[in-house]
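Q: These protein sequences, in sequence, are chains A and B. So the first sequence is residues 1 to 260, counted in my numbering. So the second sequence is residues 261 to 520, counted in my numbering. I have a structure I would like to understand better, so I am pasting it below and will then ask my questions one at a time.
2 protein chains.
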Amino acid sequence: MAQEKAPPSPSQDLTLEWVRDALVRQEDSIVFALIERARFPCNAPAYNPSLFPQLGGRSLVEVFVRGAEGLQAKCGRYQNPEEVPFFPDDLPAPLITAYNFPQVLHPISASVAVSDAIWYMYFNDLLPLITVEGEDGNYASTAASDLICLQALSRRIHFGKFVAEVKYRDAPLDYTTAIHAKDRDALMKLLTFEAVEEMVKRRVKKKAMVFGQNVTLEDKDSDAASQYKVDPSVVARLYEDWVIPFTKVVEVDYLLRRLD
Amino acid sequence: MAQEKAPPSPSQDLTLEWVRDALVRQEDSIVFALIERARFPCNAPAYNPSLFPQLGGRSLVEVFVRGAEGLQAKCGRYQNPEEVPFFPDDLPAPLITAYNFPQVLHPISASVAVSDAIWYMYFNDLLPLITVEGEDGNYASTAASDLICLQALSRRIHFGKFVAEVKYRDAPLDYTTAIHAKDRDALMKLLTFEAVEEMVKRRVKKKAMVFGQNVTLEDKDSDAASQYKVDPSVVARLYEDWVIPFTKVVEVDYLLRRLD
C-alpha cells in the first residue's frame with residue numbers, strides 16, 4: 001500500500017547518508033551563525049515594535065527579515081524545498097526561471113512548518129543566552145545576523161521532512177499503521193533514538209568549543225581556551241530543548257500527512 | 261601642527277589594542293563566511309549579467325547585493341563608519357533615528373574606499389579558489405553567502421582607516437612629513453611590518469584549519485583532518501595577495517588626506 005504512494009519524483013539521492021551528512025554540516029552553519037550574532041550585544045531596540053513609529057508597528061528585525069525574505073524570494077530561494085520562509089504570505093514571485101530541484105518529498109511537505117515556534121524560541125529563549133546586555137547601534141548588522149541564525153535553524157529543523165521521508169521509505173510498514181491511526185505518540189517513538197540524540201548534543205557542544213575558541217599561534221593556556229565566544233553548553237541546550245524536539249514535530253506532522 | 265588637526269570627536273576607545281582585537285576577531289568572520297560560501301558550488305548563472313533578461317542587464321548577485329544594501333541602509337547600517345557599501349550611489353535614507361556612533365576618524369574617511377577592487381577580486385580571483393565547479397540552483401543562498409563574504413572583507417579592509425588613524429596618533433611627526441610630501445612610498449614603508457604580516461598569514465591559515473575541519477567525537481585520523489572545507493593555503497593567500505595590500509592602500513589613501 002505504501003509503495004503505491006511514492007513521491008512524485010523519487011530521487012536516488014535521498015539516502016540516510018545524504019540526510020545525515022547534511023544535518024552534520026548544518027551544525028557547523030548554526031554554530032558559526034550564533035558566534036557571529038554574539039559579536040553584538042543584545043541591541044534590544046531592534047526588537048521593540050513601538051520604538052520606531054516609522055516602521056508601522058513592526059520591530060526593526062521584523063521589517064528587516066520581511067524585506068530580506070522578499071528579496072531572496074525574488075532570487076528564487078524558496079523554490080528549493082529545503083528553504084522555508086518566516087513570512088510566507090507576502091512573498092513576491094521569483095524574477096528568475098525556476099531551477100529544477102529534485103522533488104523527493106510528498107507534496108504536502110509545503111504545508112508543514114514550525115516557523116512561528118522557531119521565531120519565538122530564537123528571540124525569547126536563545127538570544128538572551130548568547131548575547132550580553134547593552135547596545136552598540138549596529139541594529140542592521142544585528143538583524144542581518146539574526147536572519148542568518150533564523151535561516152540556519154529553520155533549514156535544520158525543517159530538514160525533519162527529509163529525515164521523516166527517508167525513515168518512512170526505509171520501513172514503510174512500520175509507519176503505516178501509526179499514520180492511519182493518527183498516533184503521534186507511536187510515531188514519536190518510532191522516530192526517537194536517544195543514543196543518537198545524545199551524540200548530536202555532545203558533537204554540537206564540541207563544535208562550539210572548537211569554532212568558538214580564540215585561535216592563536218601559541219599553544220594556549222587553559223584560561224584562553226575556556227573563553228568561548230558562545231557558551232558550548234548553551235549550544236547543547238539549544239539542540240536538546242528546541243532543535244531536536246522541533247525537528248521531531250516536523251517529522252511527525254509530515255508523516256501524519258504522508259499518505260494523504 | 262598635527263595635534264591641532266585632531267578628529268572632531270576623539271574617542272578614548274581608539275587604541276592600538278582595540279584595533280588589533282577587532283582585526284583578529286574579523287579574521288574569524290572572514291573564515292566562517294568563506295566556509296559557508298564553499299557549501300555551494302560556483303553556481304555560475306548567478307554571475308552572468310545576460311542570463312536573466314528580467315534583471316535588466318545585471319547579474320543576479322548584483323541585483324541581490326544592491327537590494328540587500330538598500331534594505332540594510334534603511335535599517336541604518338551605513339551610519340556606522342566601519343561599514344562601507346559596494347553601491348553607495350543608490351542607497352535610501354535610514355528609516356530610523358541615527359545612533360550616535362563615536363566619530364574617531366577624520367571626516368575625509370567617508371571618501372576613502374576600495375570597494376570596486378574588493379568586488380573584482382572576490383568574484384574573479386577568490387571565488388574560483390574556494391568553490392567547486394557546477395551548479396545546484398541555490399542562487400539566492402549563494403548570493404546571500406557572497407554578500408556575507410564581501411561585507412566581511414570590506415569591513416576588514418576598510419578598517420585600515422582605523423589602523424592608520426591609531427598609527428598616526430601614535431607618531432604624528434613621523435607621518436606628517438610624508439603626508440605633506442604626498443609620498444606614498446614613504447607612507448607604505450612606515451605602515452609595513454613584515455613580521456606582523458607573516459604572523460597574520462600564519463594565523464588565518466591556522467583558523468582555516470581549525471574552523472574548516474570536520475569535527476567528530478572520535479579522535480580523528482590524519483585523513484579526516486586533512487579535508488578542510490576551504491583550503492587553508494588559499495586563506496593565507498587571500499591575506500597575502502589582497503587583504504593586506506588593499507588594507508595598506510586604504511591606510512595610505514586615508515593618511516594622504518588626514519591633514520586636509
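Backbone N, C-alpha and C fix where the C-beta goes; we use that ideal spot for every residue, glycine too. Keep in mind that this is a model prediction, so the values were computed, not measured.
Does C335 of chain B have its Cβ less than 8 Å from a Cβ in chain A?
A: Numbered from its first residue, the second sequence carries residue 335 of chain B at position 75. Yes - at least one Cβ of chain A is within 8 Å of the one on C335 of chain B.
Q: Under 8 Å, with one C-beta from each stretch per pair, do the stretch 285–297 of chain B and the stretch 467–478 of chain B reach the 3-pair mark?
A: In short, these stretches touch, since the Cβ pair count reaches three.
Q: By alpha-carbon positions, which one of A:V163, A:L190, A:P128, A:F162 ends up nearest to Y175 of chain A?
A: The sequence position of residue 175 of chain A within the first sequence is 175, counting from 1. Among A:V163, A:L190, A:P128, A:F162, the Cα nearest to that of Y175 of chain A belongs to A:L190.
Q: May I ask you to list, following chain order, the residues of the stretch 186–210 of chain A that have a beta carbon less than 7 Å from some beta carbon of chain B?
A: So the close ones are M199, R202, R203, K206, K207, V210.
Q: Taking Cβ-Cβ distances below 9 Å as the criterion, which residues of the stretch 69–103 of chain A are in contact with chain B?
A: Answer set for the stretch 69–103 of chain A: G70, L71, Q72, A73, K74, C75, G76, R77, Y78, Q79, N80, E82, E83, P94, L95, I96, T97, A98, Y99, N100, F101.
Q: Strictly below 7 Å CB to CB, what residues from chain B border E36 of chain A?
A: Translated into the one-based positions of the first sequence, residue 36 of chain A becomes position 36. Residues of chain B passing the Cβ test: S289, F292.
Q: Compare the C-beta of S9 of chain A against all C-beta atoms of chain B and say whether one is closer than 8 Å.
A: For the purposes of this step, residue 9 of chain A is taken as residue 9 along the first sequence, with counting starting at 1. Low local confidence applies: a pLDDT of 33 at S9 of chain A is under 50, so the model's placement there is unreliable, and no value is given.
Q: Along chain B, in chain order, which residues have C-beta atoms closer than 7 Å to that of N48 of chain A?
A: Taking the first residue of the first sequence as position 1, residue 48 of chain A is located at position 48. Near N48 of chain A there are no residues of chain B at all, since even the closest Cβ is about 11 Å away, more than 7 Å.
Q: Would V321 of chain B and Y307 of chain B qualify as a contact pair, given that the criterion is a beta-carbon distance under 8 Å?
A: One-based indexing of the second sequence puts residue 321 of chain B at position 61. One-based indexing of the second sequence puts residue 307 of chain B at position 47. Yes, these two residues count as a Cβ contact at 8 Å.
Q: Could you work out which residue in B:A353, B:S371, B:D376, B:L315 is closest to P94 of chain A when comparing CA atoms only?
A: To locate residue 94 of chain A, count along the first sequence from 1; it is residue 94. Ranking the options by Cα distance to P94 of chain A, first place goes to B:L315.
Q: So that I know if they touch, is there some Cβ in chain B lying closer than 8 Å to that of S109 of chain A?
A: Position 109 of the first sequence, counted from the first residue, corresponds to residue 109 of chain A. Not closer than 8 Å to any Cβ of chain B, the Cβ of S109 of chain A fails to qualify, so no.
Q: Would you call the CB atoms of I157 of chain A and T97 of chain A closer than 8 Å?
A: The sequence position of residue 157 of chain A within the first sequence is 157, counting from 1. The sequence position of residue 97 of chain A within the first sequence is 97, counting from 1. Against a cut-off of 8 Å, the Cβ pair of T97 of chain A and I157 of chain A comes out as no contact.
Q: For the pair the stretch 383–400 of chain B and the stretch 293–306 of chain B, tell me if three or more CB-CB distances fall below 8 Å.
A: Flag = yes, the stretch 383–400 of chain B and the stretch 293–306 of chain B touch.
Q: Given that G67 of chain A touches chain B, what residues does it touch there, using C-beta distances under 7 Å?
A: Locating residue 67 of chain A in the first sequence gives position 67, where the first residue counts as 1. L331, listed in chain order.
Q: Which bits of chain B does Q54 of chain A rub up against, with CB to CB less than 8 Å?
A: The residue labelled residue 54 of chain A in the question sits at position 54 within the first sequence. Simply L355, I356.
Q: Can you pull the chain B residues whose beta carbon is under 8 Å from the beta carbon of R39 of chain A, in chain order?
A: Working through the first sequence from its first residue, we reach residue 39 of chain A at position 39. Chain B residues near R39 of chain A: R285, S289.
Q: So N398 of chain B and G137 of chain A are supposed to be a Cβ contact under 8 Å. How far apart are they, rounded?
A: Here residue 398 of chain B refers to the residue found at position 138 of the second sequence. Here residue 137 of chain A refers to the residue found at position 137 of the first sequence. The pair is not a contact, with the Cβ atoms about 33 Å apart (cut-off 8 Å).
Q: Using only alpha-carbon positions, find the residue among B:K465, B:W502, B:G336, B:Q487 that is nearest to Y382 of chain B.
A: For the purposes of this step, residue 382 of chain B is taken as residue 122 along the second sequence, with counting starting at 1. Residue B:W502 is the option with its Cα nearest to Y382 of chain B.
Q: Measure the C-alpha to C-alpha separation of M448 of chain B and K421 of chain B and round it to an integer number of angstroms.
A: The residue labelled residue 448 of chain B in the question sits at position 188 within the second sequence. The residue labelled residue 421 of chain B in the question sits at position 161 within the second sequence. Between M448 of chain B and K421 of chain B, the C-alpha separation is close to 14 Å.
Q: I want to see whether chain A comes within less than 8 Å of E264 of chain B, judged by CB atoms only; does it?
A: Start at 1 with the first residue of the second sequence, and residue 264 of chain B comes out as number 4. In this prediction, E264 of chain B scores a pLDDT of 34, lower than 50, which makes its location untrustworthy; no coordinate-derived value is stated.
Q: Shortest alpha-carbon distance to E454 of chain B belongs to which of B:S310, B:E500, B:I295?
A: Along the second sequence, one-based indexing puts residue 454 of chain B at 194. It is B:E500 whose Cα lies nearest to the Cα of E454 of chain B.
Q: Taking the beta carbon of R297 of chain B as the centre, do at least 16 other beta carbons fall within 10 Å, making it buried, or is it exposed?
A: Along the second sequence, one-based indexing puts residue 297 of chain B at 37. By the neighbour-count rule (16 or more Cβ atoms within 10 Å), R297 of chain B is buried.
Q: Name the residue from B:A282, B:L351, B:L410, B:L498 whose alpha carbon lies nearest to the alpha carbon of K465 of chain B.
A: Here residue 465 of chain B refers to the residue found at position 205 when the second sequence is read from its first residue. The shortest C-alpha separation from K465 of chain B is found at B:L498.
Q: Whose C-beta lies closer than 7 Å to the C-beta of Y228 of chain A among residues of the same chain, with five residues either side of it excluded?
A: Taking the first sequence and counting its residues from 1, the one referred to as residue 228 of chain A is at position 228. Answer for Y228 of chain A: A208, M209, G212, Q213, listed in chain order.
Q: Identify the contact partners of N138 of chain A in chain B, using a Cβ-Cβ distance below 7 Å as the criterion.
A: Residue mapping note: residue 138 of chain A aligns to position 138 of the first sequence, counting from 1. In chain order: N340.
Q: Could you check what DSSP says for K442 of chain B in three-state terms: helix, strand or coil?
A: For this step, residue 442 of chain B is matched to residue 182 along the second sequence. Coil at K442 of chain B, not helix or strand.
Q: Can you give me the start and stop residues for the alpha helix (DSSP H) that Y399 of chain B sits inside?
A: The residue given as residue 399 of chain B occupies position 139 in the second sequence. Unbroken alpha helix (DSSP H) run through Y399 of chain B: 399–418.
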